[in-house]
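To start, the structure itself, in structure tokens.
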Amino acid sequence: MSFDYKNLDLVIDVRRAFEYEIRHIEGAKNISYEFTDFAREVENFDKDGHYIAYCNYGGRGGKAAELMRQLGFKNVAGMGIEDVRQKTGKSIV
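Whatever position you read off the sequence shown (first residue = 1), add 119 for the numbering used here.
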């Protein structure tokens, strides 16, 4: 089964708040991977939901996605902001 980029529960911007303010995916929620207790922030999300965790180029987004998978999330992808725009059709604002 492939990841459904059009049927997402949440797009998570894992960058720092100032990076989010400069530009982000429309509708994304900012939960910094580095400056929050990321695991605690996402622990009550639906484990069967579909999520994208992203940063500028995919490093932090990939780490956040891997942590979410370790926490039991089944459908999570990590990537960079431009990949999110291309795969979902969502705008960068």
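Here a beta-carbon is modelled for each residue, glycine too, at the ideal position from N, C-alpha and C. For clarity, every value in this text was computed on a predicted model and none was experimentally measured.
For the alpha helix (DSSP H) that residue i lies in, which residues bound it at each end?
{"i": "Val161", "result": "Phe157 to Val161"}
{"i": "Val203", "result": "Ile200 to Thr207"}
Express the C-alpha separation of residue j and residue i in angstroms, rounding to a whole number.
{"i": "Tyr170", "j": "Ile141", "result": "22 Å"}
{"i": "Leu186", "j": "Ala158", "result": "7 Å"}
{"i": "Tyr176", "j": "Asp165", "result": "26 Å"}
{"i": "Tyr203", "j": "Lys182", "result": "It is worth fixing the name first, because residue 203 is Val in this sequence and not Tyr. Straight-line Cα distance between these residues: approximately 16 Å."}
{"i": "Ile144", "j": "Cys174", "result": "10 Å"}
{"i": "Tyr124", "j": "Val161", "result": "19 Å"}
{"i": "Ala196", "j": "Arg188", "result": "9 Å"}
{"i": "Thr155", "j": "Ser210", "result": "25 Å"}
{"i": "Leu190", "j": "Arg134", "result": "20 Å"}
Assuming residue i is part of the beta strand (DSSP E), what are its boundary residues?
{"i": "Asp132", "result": "Leu129 to Asp132"}
{"i": "Ile171", "result": "His169 to Cys174"}
Using alpha carbons as the reference points, say which of the options lies closest to residue i.
{"i": "Arg179", "options": "Asp167, Ile150 and Asn126", "result": "Ile150"}
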